[in-house]
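Everything below concerns the one structure shown next.
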Amino acid sequence: MRSAPCEVLLIEDNPGDVRLIEECFRARKISYHLTHCDTIDAAIRLVTGYGANGAPIPDLILLDYNLPRGDARSVLDAAANNPSLAHTRKAVITSSIAPKDQQDSLQAGAHAFIYKPADLDAFLGTVGSKIAELLGA
Amino acid sequence: MSIGVTSKVFSAAGARAAPLETQDRVKLLLVDDDRDNLLALQAVLEPLNQDLMLASSGIEALRLCLDNDFAAILLDVRMPDMDGFETAEMIRTRKRSRRTPILFLTGYRSDEQLFRGYDLGAVDFLFKPIVPEILQSKVVVFVELCLSEQLSRRQAEELARTEQKFRAVLEAAPDAMVITGVDGIIQLANSRTDFLFGYSREQLIGLNITCLIPEWTPPGAVGNGFDVTAPVETRLRALTRNGQRFPVEITRSPFESHEGLLFTTAIRDATEQAQAEERIRRINSELERRVAERTTDLTRSNEALRQFTWAASHDLQEPTRMVLTYAQWVAKTAAPKLDAQEIEMLKCVLENGGRLQMLLAALRQYIYISESGDEDWKLIDFNAAVQTAISNLEGMISDSGAAVVCDPLPSLESIEILIVQLFQNLVSNAIKYRSADPPRVRISGELRDGGWQFSVADNGIGIEPDYLQYVFGVFKRLHGRQYSGTGIGLAICKAAVDRLGGKIWVESTLGQGSIFHFFLPEKNPV
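Residue numbers (our numbering), protein chains in the order written: chain A, 1 to 137; chain B, 1001 to 1526.
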């Protein structure tokens, strides 16, 4: 387990999911520092700014694929174009079952495509273990 | 006056008997005031087999000329009261006998008599004593002349009658009929032509047919003749005398006549037909427009419905997931603080939330199946597809103790996820609606005409005949809560089979089991 809390950028518009994702960290006792935004525009601003604005570089970016007003892939593209994020793990988190979304996400540079289960224990289990895996925790 | 006919002459005349090979007889008039002479003439001419009429005076001869046509008249010159010349003069004044050949019989040669005779239209003189051979020969000439005249007249009459019939046919024709030469010059036209084109018959004759139909050409030559099977030419424009245009269709046929090669052109006024066609065309295009309009409307409403269903199933999914997850969370953390009744209430929330979640997932699946694209077609091993379906149902199969067997299946061009889903839903259905016996499911496939028929047979509870028609409907559930299910599994199967261009149906015996069949038309069998 790492001494410093890991830096996490969560782009998610559903407060219910924000709480659930935070619970995944707590349940696994992963110490974390969360930056949260809930729009694509804000996310792109943040992602493009890393390395220039002095904000701490995230270890993990978790991106809800179904954000309103915009294409989640543009956030992934922005992240891929920022060399400061070369070591950042990126994961798309979604309730979509469409194989095409998964394909597109991985193609746009996501390291994982995490499905949100409709069951509390399944959510904490699946999403939690994926997060731990991505952080190497 | 004596003719001095001898018996020798009579026998010689026998050689000239029946000189004409015809059954037609002509009339000959013999005129002499001497009864004996008349009988002698009659005896000489009898062998000619013609009708001989005798007159013993000019008056009698004239009377007979009123009622009869004679091939020739043999007229004695010297007769009392009215002599031969006077009689001839009178005969000539009558229209009927104006041209009848007259042979004068006379006892002596005199130039004066000859002049007078020829002047009166005599064709010949016979001098007494009469030599029977000469008399016969001369009369035969006139008989033949008369007969051949009669024949020509009859032929002319026959020709006229034929012509009349031909014209009657021509006139009765519903079409304008025009006969032209190769040059297109009109030689004959019927009254329908006058009517249709506004020319008089006289104006039409000699006119070129291209004045009526500018596009007219003689029928195409084929080999040595003309193409008599030339089809009807449609959509030609005709021109009336006033310059009005109207549509016609024509047929042309060539025929040889004594005037050379001629063409009959039948011209049919196609105005009504063209109007009818135009009406049909307008109706058709109006129909097409309406169909296109309706199709656009339907496509639009279908698309709207599709988007609505998709959005509804997705947008409902998120809040449903939240409700369910957080209800579970509450149940987890607050359970120790809740009394029995509150726990029951929470359980109700969880159960229904779970069910809502499942229905939405099934609905999404249904939409997804119905919309899979053509690019997903590939060669599918149906055995592998069944294995995938069975492994997806592993938990259900082992929990129920079901035995699922599968006969060898073919590889076919198809869409894999649809096939897996089909078998998965049918097997899951077979196990779900089980009887008290351990479920037994048998999957088989059979080559049929034009494709493959697959069957999934079970030993479950079966379906009541009245409900067979409902099983493939969306959200149609025949059973209460003792059988879990979304009511959409078989609807998904139907959507999948529809998508693959096949059909699905079920046979069932209540209490003994069901067999679901689906037929997939062959695309590229291997």
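Glycine included, C-beta positions come from ideal geometry on N, C-alpha and C.
What is the rounded straight-line gap between the Cα of residue i and the Cα of residue j?
i, j, result
"B:V1143", "B:K1128", "22 Å"
"B:A1015", "B:V1140", "Low confidence applies to B:A1015: its pLDDT is 40, below 50, so where it sits in the model is not reliable enough to give any reading."
"B:L1105", "B:K1138", "12 Å"
"B:E1318", "A:E12", "13 Å"
"B:L1212", "B:A1238", "6 Å"
"B:G1502", "B:N1352", "36 Å"
"B:V1362", "B:Q1275", "Sequence check: residue 1362 of chain B is Ala here, not Val. Rounded to whole angstroms, B:A1362 to B:Q1275 spans 57 Å at the Cα level."
"B:A1430", "B:R1281", "55 Å"
"B:C1065", "B:R1201", "43 Å"
"B:A1491", "B:L1418", "12 Å"
"B:L1447", "B:Q1453", "6 Å"
"B:I1369", "B:E1416", "11 Å"
"A:A122", "B:I1504", "36 Å"
"B:V1474", "A:D59", "46 Å"
"B:A1436", "B:M1396", "16 Å"
"A:R45", "A:S74", "11 Å"
"B:D1381", "B:V1420", "11 Å"
"B:S1508", "B:D1339", "48 Å"
"A:A4", "A:I30", "10 Å"
"B:I1343", "A:A118", "21 Å"
"B:V1123", "B:A1043", "23 Å"
"B:K1008", "B:R1098", "Residue confidence for B:K1008 is low, a pLDDT of 37 falling below 50, so the modelled location carries little weight; the figure read from the coordinates is stated next. In a straight line, the C-alpha of B:K1008 is about 36 Å away from that of B:R1098."
"A:S129", "A:A112", "12 Å"
"B:H1517", "B:L1422", "11 Å"
"A:A171", "B:A1312", "An answer regarding residue 171 of chain A cannot be provided, because it is not within the stretch 1 to 137 covered by chain A."
"A:A19", "A:Q102", "A small fix is needed here, since residue 19 of chain A is Arg in this sequence, not Ala. If I take the Cα positions, the gap works out to 24 Å."
"A:P15", "A:H36", "10 Å"
"B:G1243", "B:R1096", "54 Å"
For residue i, go through chain B and note every residue whose CB falls closer than 7 Å to its CB, in chain order.
i, result
"A:K90", "The contacting residues do not exist; A:K90 stays about 22 Å from chain B at best."
"A:L141", "Residue 141 of chain A is absent from the model: chain A starts at 1 and stops at 137."
Among the options, whose alpha-carbon lies nearest the alpha-carbon of residue i?
i, options, result
"B:V1248", "B:M1177, B:S1257, B:A1304, B:L1204", "B:M1177"
"A:T48", "A:D77, A:L67, A:S31, A:D71", "A:D77"
"B:V1131", "B:A1040, B:D1119, B:S1148, B:T1193", "B:A1040"
"A:G54", "A:S84, A:R26, A:L63", "A:S84"
"B:I1488", "B:Q1424, B:E1158, B:L1510, B:E1464", "B:Q1424"
"B:S1444", "B:V1427, B:A1436, B:S1435, B:K1432", "B:V1427"
"B:W1329", "B:I1091, B:R1306, B:L1350, B:E1286", "B:L1350"
"B:G1451", "B:E1233, B:S1435, B:E1522", "B:E1522"
"B:L1316", "B:N1302, B:D1067, B:R1364, B:A1331", "B:R1364"
"B:L1048", "B:E1344, B:A1403, B:L1379, B:D1024", "B:D1024"
"B:I1205", "B:A1340, B:R1300, B:I1179", "B:I1179"
"A:L10", "A:A91, A:G70, A:R69, A:G51", "A:A91"
"B:V1533", "B:Q1050, B:T1240, B:S1056", "Outside the modelled stretch of chain B, which goes from 1001 to 1526, sits residue 1533 of chain B, for which no answer is possible."
"B:R947", "B:L1236, B:N1284, B:R1096, B:T1296", "Because residue 947 of chain B is not part of the residues shown, which for chain B are 1001 to 1526, the question remains open."
"B:D1376", "A:H111, A:P99, A:G136, A:P56", "A:P99"
"A:G51", "A:R69, A:Y115, A:A79, A:H33", "A:A79"
"B:T1309", "B:E1272, B:E1371, B:S1455", "B:E1371"
"A:N82", "A:S96, A:G109, A:D38", "A:G109"
By the criterion of Cβ-Cβ separation under 7 Å, what are the contact partners of residue i in chain A?
i, result
"B:E1318", "N14, S95"
"B:W1310", "In chain order: nothing, as chain A lies at least about 11 Å away."
Throw me the rounded Cβ distance for the residue i and residue j pair, which I believe falls under 8 Å.
i, j, result
"B:L1409", "B:L1520", "In fact, because the Cβ distance is near 11 Å, the residues do not count as touching under 8 Å."
"B:T1100", "B:F1125", "No, B:T1100 and B:F1125 are not in contact; Cβ-Cβ is about 16 Å, not under 8 Å."
"A:R89", "A:L120", "Wrong, their Cβ atoms sit about 25 Å apart, outside the cutoff."
"B:L1468", "B:V1441", "Not really, about 19 Å apart at Cβ, beyond 8 Å."
"B:L1114", "B:L1074", "No, B:L1114 and B:L1074 are not in contact; Cβ-Cβ is about 17 Å, not under 8 Å."
"A:D104", "A:D64", "With a Cβ gap of about 14 Å, A:D104 and A:D64 do not count as contacting."
"A:V131", "A:C24", "Sequence inspection shows Ile at residue 131 of chain A; the Val mentioned does not correspond to that position. So it is a contact: roughly 6 Å between Cβ atoms."
"B:T1093", "B:G1058", "The pair is not a contact, with the Cβ atoms about 13 Å apart (cut-off 8 Å)."
"B:L1135", "B:A1072", "At roughly 11 Å, the Cβ-Cβ gap does not stay under 8 Å, so B:L1135 and B:A1072 are not in contact."
"B:E1233", "B:I1209", "Rounded, the Cβ-Cβ distance is 13 Å, inconsistent with contact."
"B:P1254", "B:P1219", "6 Å"
Strictly below 8 Å CB to CB, what residues from chain A border residue i?
i, result
"B:R1321", "S95, K116, A118"
"B:K1332", "L120"
"B:Q1328", "D119, L120, D121"
Quick one: is the Cβ of residue i within less than 7 Å of any heavy atom of the ligand PLP?
i, result
"A:I114", "Absent from the structure shown: the ligand PLP. Ligands present: none."
Can you pull the chain B residues whose beta carbon is under 8 Å from the beta carbon of residue i, in chain order?
i, result
"A:F113", "Per Cβ cutoff of 8 Å: no residues; A:F113 is ~17 Å from chain B at best."
Under 9 Å Cβ-Cβ, which residues of chain A neighbour residue i?
i, result
"B:Q1341", "Within 9 Å Cβ-Cβ: nothing; B:Q1341 doesn't reach chain A, min ~23 Å."
Quick one: list the residues of chain E neighbouring residue i, beta-carbon separation under 8 Å, in chain order.
i, result
"B:Q1357", "Going by chain labels, chain E is absent from the structure shown, which instead holds the protein chains A and B."
Spell out a yes or no on whether the segment 1327-1337 of chain B and the segment 1376-1386 of chain B are touching, meaning 3 or more CB-CB pairs, one atom from each, closer than 8 Å.
Note that the segment 1327-1337 of chain B does not touch the segment 1376-1386 of chain B; fewer than 3 beta-carbon pairs, one per stretch, sit closer than 8 Å.
So, do the segment 1317-1325 of chain B and the segment 1354-1371 of chain B have three or more beta carbon pairs nearer to each other than 8 Å?
Result yes; three or more Cβ-Cβ pairs closer than 8 Å.
Are at least three pairs of beta-carbons, each pair with one atom in the segment 1249-1264 of chain B and one in the segment 1176-1196 of chain B, less than 8 Å apart?
By the Cβ criterion, the segment 1249-1264 of chain B is in contact with the segment 1176-1196 of chain B, since at least three pairs of Cβ atoms, one from each stretch, lie closer than 8 Å.
Check whether the segment 1454-1461 of chain B touches the segment 1500-1519 of chain B, counting contact only when three or more Cβ pairs, one atom from each stretch, lie closer than 8 Å.
Output reads yes: the segment 1500-1519 of chain B touches the segment 1454-1461 of chain B.
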